[in-house]
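Per our numbering: the sequence shown = residues 641 to 963.
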Amino acid sequence: MASIDTISWLSMSSIIFLPFLWLLIWLLRLAFFRKAVVYLGELHDTDHPYCEARGGWTSAKRATELTYPGSCKGEARMLESASVVIHVDKKGQGNGGEPIGRVDCLQNNPEHHEVFPQGSEEFLYQVPSGGERTWRDLWMGARNPIPGGMWVKETGLLFRKQRGGSQISLCARSAAAALLYNEEQAAQEEEPIIPARGLADLLMLSVLIYLACYPWLLAASLDPHVLYAVYVGILLILHVAVTVLESVQRDRVRRWLEMLNRNTGLHKWNAAIVVIGAFYSLLCVSSGNFSSLPFVLVTLIAVLINWCHATSALWKIKPRIQP
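1) With a CB to CB cut of under 7 Å and the five nearest residues on each side skipped, what residues in its chain are close to Ala836?
2) Take the Cβ of Glu751 as the centre, count every other Cβ of all protein chains shown within 10 Å, and call the residue buried at 16 or more, exposed below.
3) Any idea what DSSP makes of Ile808, helix, strand or coil?
4) Short of 7 Å in beta carbon distance, which residues of its chain neighbour Asp685, apart from the five on each side in sequence? Order them along the chain.
5) Looking only at C-alpha atoms, which of Met790, Ala852 and Tyr850 sits nearest to Glu823?
6) Less than 8 Å separating the beta-carbons of Leu839 and Leu862?
7) Is Gly796 near Phe673, with beta carbons less than 8 Å apart?
8) In chain order, what are the residue ranges of uninterrupted beta strand (DSSP E) at least 3 long that sit wholly in the stretch 753-780?
9) So, at 7 Å on beta carbons, what are the nonlocal neighbours of Tyr854 in its own chain, with the 5 sequence-adjacent residues on each side left out?
10) Just curious, the beta strand (DSSP E) that Ala911 is in, first and last residue?
11) Between the C-alpha atoms of Glu738 and Val870, what's the straight-line distance to the nearest angstrom?
12) Are Ala782 and Ala716 close, meaning C-beta to C-beta below 8 Å?
13) Take Ser931 as the anchor and find which of Ile849, Phe799 and Leu867 has the nearest alpha-carbon.
14) What is the rounded straight-line gap between the Cα of Trp775 and the Cα of Leu798?
15) Please work out which residues of its chain come closer than 8 Å, Cβ to Cβ, to Lys730, disregarding the five sequence neighbours upstream and downstream, and give them in chain order.
16) Which of the three DSSP states is assigned to Glu751 in this structure?
17) Per DSSP, what are the beta-bridge partners of Met718 in this structure?
18) Quick one: what does DSSP say Leu944 is sitting in, helix, strand or coil?
19) CA-CA distance, Leu670 and Glu772?
20) Excluding five sequence neighbours on each side, which residues of the same chain lie with their C-beta closer than 7 Å to the C-beta of Ala950?
21) Whose CA, out of Val743, Leu719, Met780 and Val677, lies closest to the CA of Trp666?
22) Thinking just about the alpha-carbon of each residue, which of Met844, Ile916, Ser921 and Leu940 is nearest to the one in Met899?
23) Applying the 10 Å Cβ sphere with the 16-neighbour rule, what's the burial state of Asn749?
24) Checking the sheet assignment: what are the DSSP bridge partners for Lys793?
25) Pull up the distance between the alpha-carbon of Leu933 and that of Pro864, whole angstroms please.
26) Put Arg902 into one of helix, strand or coil per three-state DSSP.
27) List the whole-angstrom C-beta distance separating Val847 from Val938, where the pair is believed to meet the contact cut-off of C-beta under 8 Å.
28) Where do the ends of the beta strand (DSSP E) carrying Arg706 lie?
29) Assuming Cys691 and Thr707 form a contact by the criterion Cβ under 8 Å, report the distance between their Cβ atoms to the nearest whole angstrom.
30) Just grab the DSSP bridge partners of Pro689 for me.
31) Would you mind reading off the limits of the alpha helix (DSSP H) that contains Cys853?
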């Protein structure tokens, strides 16, 4: 009996201690670990992290590590002239990469810094040196909007200022790194993100056609293996049709498929479809209802492949052209 009481006490202690330990770790990271993250979107919207900077004291003259989209790495290196040069290592060589621009202090306005593209003496943006501390981070972090539809969150500020003397803060370094990288990527991007060349790009469209035809296929009392063959046939016919159309109107076909396949803001819906589809597939197998199984498996596989294959990036909105 005593051993059972001991086990019960240990279980209850673990249930109480683990959330407390998680809370303690979160507070320590928020208070002492220096990090600045740039997010795409409105202030306080943390759904789309874009660039991350990790570093020690802002007065240190060592390089600050940067992380870009797609696990691309970079560095923000401090110079003797109170400038910080932003480097990007696109090839993964581990040497810090090529410079893409710099951020300089403003002597007449210490609250902002100027961002210059590589090889230019005309500043591209002005970024804040720090941000506003609020209850959202228990006054141990700061947040500030920056140009380009982004905002930056800096943490680890319990006993530290966001900038020291003429040194450039972690907030300004990460903001400059994100803006310069985004500017360079926008200049290179000419093609749509998703090319219409593979069968994976046609899965969602073929599933929609298959589901529209499914009631008539069931009414025909076809065997399950025939139902699978019908879907494969639809997919192959669609692939031939898109290949022909792509040779005539290449850009239009690609843009329509990109719009159809895009997963922006659909992560929760995709997860719900996968969970419900997996559960319903088990029910079909356990109950022997194999006539409904093709409908479920085709949808489940298409959503999973599309979720891994298609982009989830934010939509790029062009400014309105005034008449």
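Ideal Cβ positions, reconstructed from N, Cα and C, are used throughout, including at glycine. Owing to the predicted nature of the structure, the values given are computational and were not obtained by experimental measurement.
On the basis of the data shown:
1) Unreliable placement is indicated for Ala836, whose pLDDT of 49 sits below 50; the coordinate value is still reported in the next sentence. Closer than 7 Å at Cβ, skipping near neighbours: Val882, Glu886, Val893, Arg894 and Leu897.
2) exposed
3) coil
4) Tyr679
5) Met790
6) no
7) yes
8) 765-768
9) Phe935
10) Careful: Ala911 lies outside any beta strand (DSSP E), inside the alpha helix (DSSP H) at His907 to Ser927.
11) 52 Å
12) no
13) Leu867
14) 13 Å
15) Cys712, Gly737 and Glu738
16) coil
17) Val724
18) helix
19) 15 Å
20) Ile834, Asn901, Arg902 and Asn903
21) Met780
22) Met844
23) exposed
24) Val677 and Arg783
25) 8 Å
26) coil
27) 6 Å
28) Correcting the residue type first, residue 706 is Leu in the shown sequence and not Arg. Residues Thr704 to Thr707.
29) 7 Å
30) Tyr679
31) Leu843 to Ala859
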